[in-house]
Amino acid sequence: MNVLILVAAVLFQQQPATRPSTDASAVAASRQAIIDVGTSVAEVRSALDLYRRAAFNSPNSVAVERAQVLRRRCAELDVAARAARTRICLTCFAAAVQPAIEQYRGGLVGAAQLGARCAGTMARRLQTDPTGAAARSDARSASELIVEGLRPYEDRVSGVRVALGLEVAAPRRPRR
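In case it helps, the numbering used here puts the sequence shown at residues 105 to 280.
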C-alpha cells in the first residue's frame, strides 16, 4: 500500500509554479509577438500602397474601399502592438540581446499610437466625405504620416534582428 502511495505521489507531483527565465516557450512567445507586429506593419504598408495607387489611378469608389482597408489594417496594428508589449518577456533573452528587446518593446507604444491615429484619421475622412474625394486628395498626407511614423519602429526592429543574429548590421557611413 505504501508503495502505491509513493508511486502515485511521484506520478502526480506538480511542477514548480515558476519557470526559469530562459524558458524556451517564453522566448518563442516573445518572438511570435515580434513577428505578429511585423506582419501587421507589413499589412499596413501593403494597404497604404494599394490606397495610394487607387487614390491616384482609380475611381472614387475604389479609393474609398482601399481607405477602409487601410483603416482596418491601422486598427489591427494598434491592437497587435499593444498586445505585444505584454507578450514580450522582459528577462528571457541573453544579456547581449536584452537592450535591443527593451528598446523594441518601448517603441511599440509609438507603433500603437500610429495605428490608432491612422485609423482615426481614415475614419474621419470617410465620415466627412463618403464619396471619396477627400480620401483621394489626402492620400499623400496619409502616406507621409504612416511612413514617418513607422521609421522609429523599423529602426528598433532592425536592432532586434542584428542582436538576434538574423541580419548583419549595416556599416555606418561617415557624415560629410
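Here a beta-carbon is modelled for each residue, glycine too, at the ideal position from N, C-alpha and C.
Find the nearest neighbour of Arg-177 within the set Arg-191, Ser-144, Phe-160, judged by alpha-carbon distance. Considering only Arg-191, Ser-144, Phe-160, the residue with the shortest C-alpha distance to Arg-177 is Ser-144.
If I follow the unbroken alpha helix (DSSP H) through Leu-249, where does it start and stop? Per DSSP, the unbroken alpha helix (DSSP H) holding Leu-249 starts and ends at 243–267.
Between Arg-189, Ala-215, Ile-139, Ala-237, which lies nearest to Tyr-257 when the distance is taken from Cα to Cα? The option with the nearest alpha carbon to Tyr-257 is Ala-215.
Between which two residues does the alpha helix (DSSP H) harbouring Ile-139 extend? That run of the alpha helix (DSSP H) goes 128–161.
In three-state terms, what does DSSP make of Ile-192? Coil, per DSSP.
Any contact between the stretch 196–213 and the stretch 226–233? By contact I mean 3 or more CB pairs, one from each, below 8 Å. With a cut-off of 8 Å, the stretch 226–233 and the stretch 196–213 do not count as touching, because too few Cβ pairs lie within range.
At least three beta-carbon pairs within less than 8 Å, the stretch 239–246 to the stretch 158–170: Counting C-beta pairs with one atom in each stretch, the stretch 239–246 and the stretch 158–170 have three or more that are closer than 8 Å, which means they touch.
Got a sec? Which residues, its chain only, sit under 7 Å from Ser-247 by beta carbon, not counting five neighbours each side? These residues qualify, in order along the chain: Leu-152, Arg-156.
Please tell me whether Gly-224 has its Cβ less than 7 Å away from any Cβ of chain D. The structure shown contains no chain D; it is built from a single protein chain.
According to the Cβ coordinates, are Leu-181 and Met-226 closer than 7 Å? Result no, Cβ atoms of Leu-181 and Met-226 do not sit closer than 7 Å.
Does the separation of the CB atoms of Arg-260 and Tyr-208 fall below 7 Å? In this structure, Arg-260 lies near Tyr-208, with their beta-carbon atoms less than 7 Å apart.
Please report the residue range of the alpha helix (DSSP H) in which Pro-203 lies. From DSSP, the alpha helix (DSSP H) with Pro-203 extends over 202–232.
Could you check which residue in Ala-137, Cys-222, Val-272 has the C-alpha nearest to that of Ala-184? It is Ala-137 whose Cα lies nearest to the Cα of Ala-184.
Is Leu-174 helix, strand or coil when you go by DSSP? Leu-174 falls in the helix class under three-state DSSP.
Three-state secondary structure assigned by DSSP to Leu-181: Reduced to three states, the DSSP call for Leu-181 is helix.
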